[in-house]
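Colleague:
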Amino acid sequence: MHLKMLSSPNHNLLQKFDLYTNWLKGPTIMANNCKNKRILFFTMQYGPGYTQGTERYIRNITSGLRDIGCDIIIAAGDPEKKTTNIYSSELAGKTTLIKIPTKGWGALDGAPVDYYKKLLREVQPDIIHMVNPAHIGVNALIAARALQLPYFITVTDFWWLCPKHTLTLSDGRFCSGFRKSTECLKCIASTHSNKIIKKISTRTGFNVLAQGAILGNNLLKFGGITKWPKRNRLLHQILSNAQKVICLSKTGKSRLENFFRINNTTYLPTGLSSDWFLPPTAKKSIDSCIRIGFLGAIAPHKGVHLLVEAMSQLAYKDVVLSVAGRVHDKDYANLLFKSSTNIEYLGEVDEKSTISFLDSLDLLVIPSTSPENQPQVLLEAGARGIPTISSNSPGCAELLEAKLTFPMNDSNSLTHLIQKFLDNPSYFTPPEKPLSVAEVTAKTCNIYSARKPIFSTISKINL
Numbered sequence: 009m010h011l012k013m014l015s016s017p018n019h020n021l022l023q024k025f026d027l028y029t030n031w032l033k034g035p036t037i038m039a040n041n042c043k044n045k046r047i048l049f050f051t052m053q054y055g056p057g058y059t060q061g062t063e064r065y066i067r068n069i070t071s072g073l074r075d076i077g078c079d080i081i082i083a084a085g086d087p088e089k090k091t092t093n094i095y096s097s098e099l100a101g102k103t104t105l106i107k108i109p110t111k112g113w114g115a116l117d118g119a120p121v122d123y124y125k126k127l128l129r130e131v132q133p134d135i136i137h138m139v140n141p142a143h144i145g146v147n148a149l150i151a152a153r154a155l156q157l158p159y160f161i162t163v164t165d166f167w168w169l170c171p172k173h174t175l176t177l178s179d180g181r182f183c184s185g186f187r188k189s190t191e192c193l194k195c196i197a198s199t200h201s202n203k204i205i206k207k208i209s210t211r212t213g214f215n216v217l218a219q220g221a222i223l224g225n226n227l228l229k230f231g232g233i234t235k236w237p238k239r240n241r242l243l244h245q246i247l248s249n250a251q252k253v254i255c256l257s258k259t260g261k262s263r264l265e266n267f268f269r270i271n272n273t274t275y276l277p278t279g280l281s282s283d284w285f286l287p288p289t290a291k292k293s294i295d296s297c298i299r300i301g302f303l304g305a306i307a308p309h310k311g312v313h314l315l316v317e318a319m320s321q322l323a324y325k326d327v328v329l330s331v332a333g334r335v336h337d338k339d340y341a342n343l344l345f346k347s348s349t350n351i352e353y354l355g356e357v358d359e360k361s362t363i364s365f366l367d368s369l370d371l372l373v374i375p376s377t378s379p380e381n382q383p384q385v386l387l388e389a390g391a392r393g394i395p396t397i398s399s400n401s402p403g404c405a406e407l408l409e410a411k412l413t414f415p416m417n418d419s420n421s422l423t424h425l426i427q428k429f430l431d432n433p434s435y436f437t438p439p440e441k442p443l444s445v446a447e448v449t450a451k452t453c454n455i456y457s458a459r460k461p462i463f464s465t466i467s468k469i470n471l
């Protein structure tokens, strides 16, 4: 991979001082005109091998900004150690990728504030944009605030509300958000794939035992648990001090506003690249099997087991369940794929392969059992014109007609809906076409241009 090292401008001391002073004052950005601006994105993970929804969001928005002349830098964690270089450039485009420390999914602070101050002084961004602070924490934004630099946030999942990010309790009920460390630890442990941790959660004295298992034996790589008591206060300040908090769904926007009592949010879904709107390269064979598909993480909260169960009850037998996505729970996945001979698992797919995968389907199913912050696959299905049904999970249901949804955790209702599709496909319509990258880029630039001066600093919190 070609290396692109960042270096400080080669000016004399006075010129450096003037440059740094102007940088602190902030840029003047005209609406829809971010040309020649240096934009620094922070996120939990990025680079080759990371292909989840958050990474696709970043890839799409940065490609749009790059197309209008922006200098893009992405500072990202590498929790799975898939990249080796500290500084590198993407294989496609000229986006600079900086590897930053990761501290576990639940980390609040991350690397020291001074580390991020130094990074910000070296990079000298015009705009700072945090996408997902899981693993890396929020110290980058505390550093930005200390330097009186404005920042923006995009909320791609429910990490801000829930350390587990699913907002679902062990009994299936929805959670409004983080309350106490002990309650959240028990909830995390009770739904964990590790049987030892799950068993510990049912015993008395859970707090001591669970922390020993989680922290001492490293069975749950969450990190930052000891700092969770200050979680809500810190995150409220971080969100409140953002120039704008961009929410990808109306559901996410509402939940964030209600929990943190903030009023600086805006709704702007992700945009898709032009490839998504091209006509299919090949048509399905008339004689081919009917393909029902799932695309997403292979994990219990995504409800794949409900889809497998529903498919087993169908009157039609010439139907194949085609599944693609990353396995997050191996035991769960093994049980799923052994339960039926009519399941084909294609593994994790990149964006280009995702287009082909969706084009091969007759119907896409999103059977989530927890709130979704608008799954990107639903937008992608709209772009490809693929009929889609979903559980009535918040975030999904807001983009579909009620007749195309079924009650969560209800495999019988899902079976009935799939059977209805098989009997009368014309009854089922694709989701509405999503916005393009160009459209979302223009709207994002308008958000950047509406920045306000900073008059206060973040309260001092002992992290």
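Residue 298 in the working numbering sits at position 290 of the sequence shown; the count goes up by one each step and never skips. Yeah, the Cβ is synthetic: ideal placement off N, Cα and C, and Gly gets one too.
1. My guess is that K252 and Y275 are in contact by the Cβ rule of under 8 angstroms, so how many angstroms apart are they, rounded?
2. Suppose you measure from the CA of S434 to the CA of K310; what does that come to, to the nearest Å?
3. Between which residues of its own chain and E352 is the CB-CB distance below 8 angstroms, once the five residues before and five after are set aside?
4. Does S444 come out as helix, strand or coil in the three-state DSSP assignment?
5. Would you mind giving the Cβ-Cβ distance between L354 and F365, rounded to the nearest angstrom? I have them listed as a contact below 8 angstroms.
6. What is the residue span of the beta strand (DSSP E) that K107 lies within?
7. Could you give the first and the last residue of the continuous beta strand (DSSP E) run that contains G301?
8. Quick one: is N68 buried, meaning 16 or more other Cβ sit within 10 Å of its Cβ, or exposed?
9. On the three-state DSSP scale, how would you describe D79?
10. Return helix, strand or coil for E380, following the three-state DSSP convention.
11. Measure the C-alpha to C-alpha separation of L149 and Y124 and round it to an integer number of angstroms.
12. How many angstroms separate the CA atom of H143 from the CA atom of F166?
13. Quick check: the segment 412 to 430 against the segment 385 to 394, are there 3 or more CB pairs under 8 angstroms?
14. Hey, out of G85, T377, N381, whose CA is closest to P56's CA?
15. Throw me the rounded Cβ distance for the T278 and V448 pair, which I believe falls under 8 angstroms.
16. Quick one: grab the DSSP three-state call for C453.
17. Exposed or buried, F285, counting other C-beta atoms within 10 Å across all chains shown (16 or more means buried)?
18. With H, G and I counted as helix, E and B as strand and the rest as coil, what does DSSP make of E352?
19. Under the rule that 16 or more other beta-carbon atoms within 10 Å means buried, what is L247, buried or exposed?
20. Among G114, R153, T103, which has the Cα closest to the Cα of R129?
21. Taking the alpha carbon of P237 as the point to measure from, which residue in R187, R263, F267, L256 has its own alpha carbon closest?
22. Classify N44: buried if its beta carbon has 16 or more other beta carbons within 10 angstroms, exposed otherwise.
23. Give me the residue from L303, G112, D75, Q156 with the minimum Cα distance to R459.
24. Since S281 contacts S71 with CB under 8 angstroms, what's their CB separation in whole angstroms?
25. Could you have a look at L371 and say whether DSSP puts it in helix, strand or coil?
26. Start and end of the beta strand (DSSP E) containing I47?
27. Given this structure, state the Cα-to-Cα distance separating N30 from I136, to the nearest angstrom.
28. Comparing alpha-carbon positions, which option in Q132, E440, F160, G118 lies nearest V146?
29. Between the C-alpha atoms of C170 and E317, what's the straight-line distance to the nearest angstrom?
30. For H137, report the span of its beta strand (DSSP E) as first-last.
31. For I455, which residues of its own chain have a beta-carbon under 6 angstroms away from its beta-carbon, when the five flanking residues on both sides are left out?
32. Kindly indicate which three-state DSSP category A389 falls into: helix, strand or coil?
33. How long is the line joining the alpha carbons of C42 and K451, rounded to whole angstroms?
34. Which one of M138, I81, I298 has the shortest CA to CA distance from I426?
35. Excluding the 5 residues flanking L48 on each side, which residues of the same chain have their C-beta closer than 6 angstroms to its C-beta?
Modeller: The relevant details are as follows:
1. Not quite, the Cβ-Cβ distance comes to about 11 angstroms (not below 8 angstroms), so this is no contact.
2. Between S434 and K310, the C-alpha separation is close to 27 angstroms.
3. Counting only Cβ-Cβ distances below 8 angstroms, and skipping sequence neighbours, we find V328, L329, S330, V331.
4. S444: strand per DSSP, three-state reduction.
5. That pair is a contact at about 7 angstroms.
6. For K107, the enclosing beta strand (DSSP E) covers residues 104 to 107.
7. Looking at the DSSP string, the run of the beta strand (DSSP E) that includes G301 is 298 to 303.
8. So N68 ends up on the buried side.
9. The DSSP-derived three-state label of D79 is strand.
10. Note: E380 maps to coil in three-state DSSP.
11. Rounded to whole angstroms, L149 to Y124 spans 8 angstroms at the Cα level.
12. Going from the Cα of H143 to the Cα of F166 covers about 14 angstroms.
13. Under the Cβ criterion (8 angstroms, minimum of three pairs), the segment 412 to 430 does not count as touching the segment 385 to 394.
14. If we check each option's Cα against that of P56, G85 comes out closest.
15. T278 to V448, Cβ: 7 angstroms. Contact.
16. Three-state DSSP puts C453 in a helix.
17. By the beta-carbon neighbour count (other beta carbons within 10 angstroms, threshold 16), F285 is exposed.
18. E352 falls in the strand class under three-state DSSP.
19. When all chains shown are included, L247 counts as buried.
20. Among G114, R153, T103, the Cα nearest to that of R129 is on R153.
21. The shortest C-alpha separation from P237 is found at R187.
22. So N44 counts as exposed.
23. By alpha-carbon distance to R459, the top candidate from L303, G112, D75, Q156 is Q156.
24. Sure, about 7 angstroms apart at Cβ, within 8 angstroms.
25. Three-state result, L371: strand.
26. Here the beta strand (DSSP E) through I47 covers 46 to 51.
27. Residue confidence is low: N30 scores 44 on pLDDT, short of 50, so the model does not pin down where it sits. Its coordinate-derived value is still stated next. For N30 and I136, the distance between alpha carbons rounds to 16 angstroms.
28. Out of Q132, E440, F160, G118, G118 has the C-alpha closest to the C-alpha of V146.
29. Answer to the nearest angstrom: the Cα atoms are 29 angstroms apart.
30. Unbroken beta strand (DSSP E) run through H137: 135 to 140.
31. K252.
32. The DSSP-derived three-state label of A389 is helix.
33. Distance from the CA of C42 to the CA of K451, rounded to the nearest whole angstrom, comes to 11 angstroms.
34. It is I298 whose Cα lies nearest to the Cα of I426.
35. I81, V131, P133, I136.
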